[in-house]
Amino acid sequence: MEKCDDTNDSCDTMWDTLSCWPKTAAGKESYIPCPHPHQGIDFTKNATRKCSENGTWAAKADYNGCLDAPHQVHEDNLRRLTAKTSILYVGYSLSTISLLISLFIFRYFRSLHCVRTLIHCNLMLTFVFRNILFIIFSCILREVHRRPWVCKLMMTFFHYFTTSSFFWMFVEGLYLYFMIVHAMRHNKIKFIYCIIIGWVAPIPFLILWIILKKLYEDTHCWLPVQLSAYDAVLYTPVITILCVNLIFFLNVLCVLICQLRRTEESLQYKKAFRASGILIPLLGINYLLFIVNPGSTPTSKEVFSYIIAFLQATQGLLLAILYCFMNSDVRAALAKKVRDHMETRSVTTKCTHGSPSLQKSSHEDYHLVSLRMARRYSIRGDSRGTAVKEYY
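In my numbering, the protein residues as written are 103 to 494.
As structure tokens, then:
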């Protein structure tokens, strides 16, 4: 168990992997809305937890009132619910941290500034906003539950960033398709078009979803999200994008295999398999494998829910690892930064601790290094800046 904030009076605010319990006076019982979204959970009911007289929480919270009549709570159900929630929180937290580091790297090094990394950055931003909203919404559930309009507003933004992430996956697939299949045309893609597709195109679908939910399915916080006709307004463009990305993926794979035919057969398939594996999380192809639950038994449904939770929580982490931390350009930029820092530090040390003649020589070396580095960054900045401007 971990605290959500630092308090010293009564029972402190606490996170128990399912819910965030607010600060409660000693000897009182705390009531919060049941966690969501999970099958069989009645969101309108409350969970309880006792704060003892000495200011400590009870060992376990009482979630018995949360499940619908056909799904009475027992220990194994509660453990599975806790496990899935833990997967989401751990995955979202790791993904958010790794994505923020990746965004800093991509924007800090000018040598990495290009349309391809700009598209990566926008896709990563959608995951960051979605993850943060999920964590905040779950931790302040009790407060927003009392204000339905705030709760619905947060759900609307959560769905917007989720849908927008798939539209940016489409931009990734489109740019990759033109870069490999139509190599002579990819320079004509303007980044402003990518902005419109990724950030603006989801808005009409979201507005239509809001109107339909308000008129025909105005539940509390618009939860739980189900495969109803109204929620299909958001799912339909997402599934369409994934199918189009699958077409892009197959075309790109065919081109890669054709280009690798000159090499040995074993090496050819090894490279093609590696390239296709890296593209799968970028284009969201992995979601196509789990659109429909392959079985109808309780075990298959449970396994299916774990897989979906894992994919949602770790996709951002996979993108950061594959397209930033393992990227050769990123590693080269980081290595060069370290070399430049060590070179400058070495010259400065000589200037500070050396003899007068050595200091004079070292000062000259220092100025030569500085001029060389300035010239190098100036040339690189101009060339990269020109390349980026061509896409706007």
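Ideal Cβ placement from N, Cα and C applies to all residues, glycine included.
Since the structure is predicted, the reported quantities are computational estimates derived from the model, not experimental observations.
Reduced DSSP secondary structure (H/G/I, E/B, other) of residue i
| i | result |
| --- | --- |
| Met-428 | coil |
| Ile-134 | strand |
| Thr-126 | strand |
| Ile-343 | helix |
| Phe-392 | coil |
| Lys-439 | helix |
| Gly-386 | coil |
| Ala-185 | helix |
| Ala-434 | helix |
| Ile-242 | coil |
| Arg-482 | For Arg-482, the predicted structure reports a pLDDT of 41, less than 50, and the residue's modelled location is therefore unreliable. The matter cannot be settled from this model. |
Bridge partner(s) assigned by DSSP for residue i
| i | result |
| --- | --- |
| Asn-148 | Pro-135 |
| Lys-159 | Sequence check: residue 159 is Trp here, not Lys. According to DSSP, which records beta bridges pairwise, Trp-159 is partnered with Cys-153. |
Boundaries (first-last residue) of the alpha helix (DSSP H) holding residue i
| i | result |
| --- | --- |
| Leu-214 | Premise fails: Leu-214 is in no alpha helix (DSSP H) and is neither H nor E. |
| Ala-422 | 400–422 |
| Glu-319 | Here Glu-319 belongs to no alpha helix (DSSP H), and DSSP marks it neither H nor E. |
| Tyr-165 | It is not in any alpha helix (DSSP H) - Tyr-165 carries neither H nor E in the DSSP assignment. |
| His-563 | Only positions 103 to 494 of the chain appear in this structure, which leaves residue 563 out of reach. |
| Lys-113 | In the sequence under discussion, the amino acid at residue 113 is Cys, which differs from the Lys named in the question. Neither: Cys-113 is in no alpha helix (DSSP H) and is coded neither H nor E. |
| Tyr-332 | Looking at the DSSP string, Tyr-332 is not in any alpha helix (DSSP H), and its letter there is neither H nor E. |
| Ile-294 | 293–297 |
Cβ pair count under 8 Å reaching 3, the segment 184–194 against the segment 220–227: No: the two stretches stay apart, fewer than three of their Cβ pairs being nearer than 8 Å.
Three CB pairs or more closer than 8 Å across the segment 231–240 and the segment 295–312: Result no; under three Cβ-Cβ pairs closer than 8 Å.
Meets three-Cβ-pair contact criterion under 8 Å: the segment 145–162 and the segment 124–135: These segments touch.
Stretch-stretch touch, CB-based, cutoff 8 Å, three pairs: the segment 202–218 with the segment 379–398: No contact exists between the segment 202–218 and the segment 379–398.
Three CB pairs or more closer than 8 Å across the segment 290–297 and the segment 253–262: Result no; under three Cβ-Cβ pairs closer than 8 Å.
Segment contact flag, the segment 264–271 with the segment 228–236, C-beta cutoff 8 Å, min 3 pairs: Contact between the segment 264–271 and the segment 228–236 is present, because at least three Cβ pairs lie under 8 Å.
Three-pair Cβ contact test at 8 Å for the segment 207–214 versus the segment 432–452: Short answer: they touch.
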